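Student:
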Amino acid sequence: MKAIVSVVGMDKPGIVATVSTVLADNQVNITDISQSYAQEFFTMIMVVEFDKNKVSLKELSEKLKEAGEEIGVFVSIQHEDVFRAMHRI
Amino acid sequence: MSFTPEEILETKKMIEEQGLDVRTITMGINLLDCADPVLEHMQEKIEHKIYSLSKNLSDVATSIEEDYGIPIINRRITVTPISMLLGSLKIIQNLPLKDIQAFNDPLFHKYKVAKPQISIEAINAYVKIAETLDSIAEKVNVDFLGGFSALVHKGFTRSELCLIQSLPEVLSNTERVCSSVNVATTRSGMNMNAVKMMGEIIHQIAMNTREKNSIGCAKLVIFANAVEDNPFMAGGFHGIGESECCINVGVSGPGVIRNIVKHHRNADFETLAESIKKTAFKVTRMGQLVAQKAAKRLSVPFGIVDVSLAPTTRPFDSVAGILEDMGLETAGGPGTTAALAMLTDAVKKGGLMASSYVGGLSGAFIPVSEDKLMNDAARKHILTIEKLESMTSVCSVGLDMICIPGSTSPTTISGIIADEASIGMINNKTTAVRLIPVIGKDVGDEVEFGGLLGNAVVMPVKRSSCEMFINRQGRIPAPVHSQRN
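Chains as they are written, first to last, in this note's numbering: chain Y, 977 to 1065; chain P, 470 to 954.
1) Would you mind listing the beta strand (DSSP E) stretches within the region 878-916 of chain P that are 3+ residues and don't spill past its ends, in chain order?
2) Contact criterion: CB-CB distance below 7 Å. Does Y595(P) meet it with respect to chain Y?
3) Give the secondary structure of I761(P) by DSSP, where H, G and I count as helix, E and B as strand, and everything else as coil.
4) Report yes if the C-beta distance between C686(P) and I671(P) is below 7 Å; otherwise report no.
5) Between E509(P) and chain C, is the shortest Cβ-Cβ distance under 7 Å, so that the two count as touching?
6) Nearest-angstrom Cα distance between M666(P) and V650(P)?
7) Just how far apart, CA to CA, sit Y580(P) and Q952(P)?
8) Whose Cβ in chain Y lies nearer than 8 Å to the Cβ of I539(P)?
9) Tell me which residue opens and which closes the beta strand (DSSP E) that L868(P) is part of.
10) Checking contacts by CB at 7 Å: is T748(P) closer than that to chain Y?
11) So if DSSP puts I1006(Y) in a beta bridge, which residue, or which two residues, is it bridged to?
12) Would you say M659(P) reaches chain Y, if we count a Cβ-Cβ gap shorter than 7 Å as a contact?
13) Please decide whether A1061(Y) counts as near chain P, where near means a Cβ-Cβ distance under 7 Å.
14) Got a sec: is the Cβ-Cβ distance from D536(P) to anything in chain Y below 7 Å?
15) Roughly how many angstroms separate the alpha carbons of F701(P) and T493(P), rounded to a whole number?
16) Candidates G796(P), V949(P) and D911(P): which alpha carbon is nearest E811(P)'s?
17) For a contact meaning CB atoms closer than 9 Å, what does L1033(Y) contact in chain P?
18) Any idea what DSSP makes of M659(P), helix, strand or coil?
19) By a C-beta neighbour count over all protein chains shown, 10 Å radius and 16 as the cutoff for buried, is R1064(Y) buried or exposed?
20) Quick one, which of D888(P), I684(P), I873(P) and T880(P) has its alpha-carbon nearest S862(P)'s?
21) Would F785(P) and G724(P) qualify as a contact pair, given that the criterion is a beta-carbon distance under 7 Å?
22) Taking C-beta pairs closer than 9 Å, name the residues in chain P that I991(Y) reaches, listed in chain order.
23) With a CB to CB cut of under 7 Å and the five nearest residues on each side skipped, what residues in its chain are close to K559(P)?
24) For V690(P), which residues in the same chain have their Cβ closer than 6 Å to its Cβ, ignoring the five residues on either side in sequence?
25) Just confirm the distance between the C-beta atoms of I605(P) and I551(P), as a whole number of angstroms; I'd bet it's less than 8 Å.
26) How far does the beta strand (DSSP E) with Q1054(Y) in it reach, from first residue to last?
27) I'd like to confirm the pairing. Which residues does DSSP put opposite A925(P) in its beta bridges?
28) Where does L558(P) fall in DSSP's three states?
29) Identify the continuous alpha helix (DSSP H) that holds C631(P) and give its terminal residues.
30) Please tell me whether R754(P) has its Cβ less than 7 Å away from any Cβ of chain Y.
31) So if I threshold CB-CB distances at 7 Å, which residues from the region 987-1011 of chain Y count as touching chain P?
32) Going by the DSSP bridge assignment, what does I716(P) pair with across the sheet?
33) In angstroms, rounded to a whole number, what distance separates the CA positions of A675(P) and A808(P)?
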């Protein structure tokens, strides 16, 4: 299953490491990644792929949120279909 | 990357900051095959059918919320208009036809039946069915079940008369059962006997639930041109042209539209309409995704997406707020009808592009008590019932969740219903009335309903009698454009 991970917060060392560690620990593969700055906010978007039989989106969402809170950034994960429905005709 | 960061952040903001959600997943269930001459058998059949089809509805909605990160606020059920089933009861079939005809044909007026002579036993049968529906709704964890309804635009059947007469008791004794009565269509005109009767019934419901600010009236909608696939409450029912069972979804998003209007403060009308359309497209696509996933997981066909803007009591989630951000000082002032017309049309256009099966009411709702800024405008006396009436000629639905003085006479309530139904009948659109005459309250008093229903100020009703008009018997003939063949 494909999903989109988005990270928003103040830039600081270790954001990419923290998020990708959670993903790696849960056998989630990162297929694309992009980073940008909007005003002074750091934004990172990842396209990820994983086997939903091994880890559920809900579990992953909770783990990512928790890891994000520890370093003061907002991390969320959503099914790719949501974005496809909204932004592609 | 398959999506730009802007697109991804836009979706996130819509959900997290602007309150984008799916307002309701509604399962429509046909109950016609549950008709039975014996009340207890019918109760069992209804219970069994609703339970077996909808037992997973709530859990499936929750699983979609978790998988897609989209909040789904309500889970609901609509059923076949109940009056159609209960005509099979022995007790109803034994009612003398003569009494019923007096309400259908002026020729029978010599019988001078002021009020239908219906036995307590017959009324009790309807109350018992309503209680069955109420308990099953609770069991499958849905907040409302709609379809305790009667379609009487051209005349009453025995069962429909009984159902209407049972409403004061049904709506004060049940929590989750919602009712609607269709009194007019463009095709067949307006049943003024029904309009008169509903004024009296609304008054009785208000009296029966006076301890709770006459809240029973919030569960009853009087329609013209009622639609068969409406997923929203209180007016939803599963029409007879519908399939055995289907999933309809009501999307919302006044907050999202309001945000986009705010960002186009100085834009011309074309630019504004374009941006509303694009946003409505996105909102509808999300609703359609949820509807299709829910239908698949429940192994039930997908019916329609209703793209209505349904406000909540959160200030940013207000339809009045959108109108004010379009450039009005207060919703209800001059310019309001034009702004609402443009908004509703743009929302529909965006929605129609997004889904081939847009249905239900689709437009903008203007329930006064549920929209904080609408209420503020009413408090300032800028938004009035008369202005709301004209607004309903350009948006979906009608005079919705409006508190009026408890002393308002039943014939005046009927007059308001007749006015609103005429707009629907003549303009070939759905209109509805959900008035709450709050017993013991007068103009300017505040009424607290709590939850989704919000709180409201009691609005003034013009004091001028329409008693003689309402007391005429019969039907207003269908308008000239009913002849379309």
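The beta carbon of each residue, even a glycine, is placed where N, CA and C say it ideally should be. Everything numeric in this text was worked out from a predicted model, so none of it was measured.
Tutor: Reading from the atomic positions:
1) 900-907
2) Taking the second sequence and counting its residues from 1, one reaches residue 595(P) at position 126. No, because no Cβ of chain Y sits closer than 7 Å to the Cβ of Y595(P).
3) As a working mapping, residue 761(P) is identified with position 292 in the second sequence. First, the amino acid is wrong: residue 761(P) is Gln here, not Ile. In the structure shown, Q761(P) sits in a helix (DSSP, three-state: H, G or I).
4) Residue 686(P) sits at position 217 when you count from the first residue of the second sequence. Residue 671(P) sits at position 202 when you count from the first residue of the second sequence. Yes, the pair counts as a contact, with Cβ atoms nearer than the cut-off.
5) Checking the listed chains, one finds no chain C in this structure; the protein chains it contains are Y and P.
6) Locating residue 666(P) in the second sequence gives position 197, counting from the first residue. Locating residue 650(P) in the second sequence gives position 181, counting from the first residue. So the two alpha carbons sit approximately 11 Å from each other.
7) Numbered from 1 along the second sequence, position 111 holds the residue referred to as residue 580(P). Numbered from 1 along the second sequence, position 483 holds the residue referred to as residue 952(P). Note that Y580(P) scores a pLDDT of 49, beneath 50, so its modelled location is shaky and nothing firm can be said.
8) Within the second sequence, the letter at position 70 stands for residue 539(P). Result: V1058.
9) Taking the first residue of the second sequence as 1, we reach residue 868(P) at position 399. That run of the beta strand (DSSP E) goes L868 to P874.
10) For the purposes of this step, residue 748(P) is taken as residue 279 along the second sequence, with counting starting at 1. No, T748(P) does not count as interfacial toward chain Y.
11) Position 30 of the first sequence holds residue 1006(Y). Answer by DSSP bridge pairing, in chain order: V1024(Y).
12) One-based indexing of the second sequence puts residue 659(P) at position 190. So no, M659(P) is outside the interface.
13) Walking along the first sequence from the start, residue 1061(Y) turns up at place 85. Yes, its Cβ sits closer than 7 Å to a Cβ of chain P.
14) Position 67 of the second sequence, counted from the first residue, corresponds to residue 536(P). Output row for D536(P): interface = yes.
15) The residue you call residue 701(P) lines up with position 232 of the second sequence. The residue you call residue 493(P) lines up with position 24 of the second sequence. C-alpha separation (whole angstroms): 7 Å.
16) On the second sequence, position 342 is the one that residue 811(P) refers to. The sequence shown places Met at residue 811(P), not Glu. Considering only alpha carbons, the answer is G796(P).
17) Within the first sequence, numbered from 1, the residue matching residue 1033(Y) stands at position 57. The contacting residues are E535, D536, Y537 and G538.
18) Taking the second sequence and counting its residues from 1, the one referred to as residue 659(P) is at position 190. Looking at M659(P) - three-state DSSP - the assignment turns out to be strand.
19) Start at 1 with the first residue of the first sequence, and residue 1064(Y) comes out as number 88. Exposed.
20) Here residue 862(P) refers to the residue found at position 393 when the second sequence is read from its first residue. Per the Cα distances, D888(P).
21) Here the question's residue 785(P) lines up with position 316 in the second sequence. Here the question's residue 724(P) lines up with position 255 in the second sequence. Closer than 7 Å, so yes.
22) Numbered from 1 along the first sequence, position 15 holds the residue referred to as residue 991(Y). By Cβ distance, chain P contributes nothing, its closest Cβ being about 15 Å from I991(Y), past 9 Å.
23) Start at 1 with the first residue of the second sequence, and residue 559(P) comes out as number 90. Answer for K559(P): P506, listed in chain order.
24) Here residue 690(P) is taken as the residue at index 221 of the second sequence, counted from 1. Only S649, A703, G704, A901 and R903 meet the Cβ criterion.
25) Translated into the one-based positions of the second sequence, residue 605(P) becomes position 136. Translated into the one-based positions of the second sequence, residue 551(P) becomes position 82. Not really, about 13 Å apart at Cβ, beyond 8 Å.
26) For the purposes of this step, residue 1054(Y) is taken as the residue at position 78 of the first sequence. Residues V1049 to H1055.
27) As a position in the second sequence, residue 925(P) is number 456, starting the count at 1. Note: A925(P) sits in a beta bridge opposite V916(P).
28) Locating residue 558(P) in the second sequence gives position 89, counting from the first residue. Of the three classes helix, strand and coil, the one that applies to L558(P) here is coil, per DSSP.
29) On the second sequence, residue 631(P) is found 162 positions in, with the first residue counted as 1. Note, C631(P): alpha helix (DSSP H), R627 to N642.
30) In the second sequence, the residue the question calls residue 754(P) occupies position 285. Interface residue, yes.
31) D1008 and S1010
32) By 1-based counting over the second sequence, the position of residue 716(P) is 247. DSSP lists M496(P) and F771(P) as partners of I716(P).
33) Within the second sequence, numbered from 1, the residue matching residue 675(P) stands at position 206. Within the second sequence, numbered from 1, the residue matching residue 808(P) stands at position 339. In a straight line, the C-alpha of A675(P) is about 34 Å away from that of A808(P).
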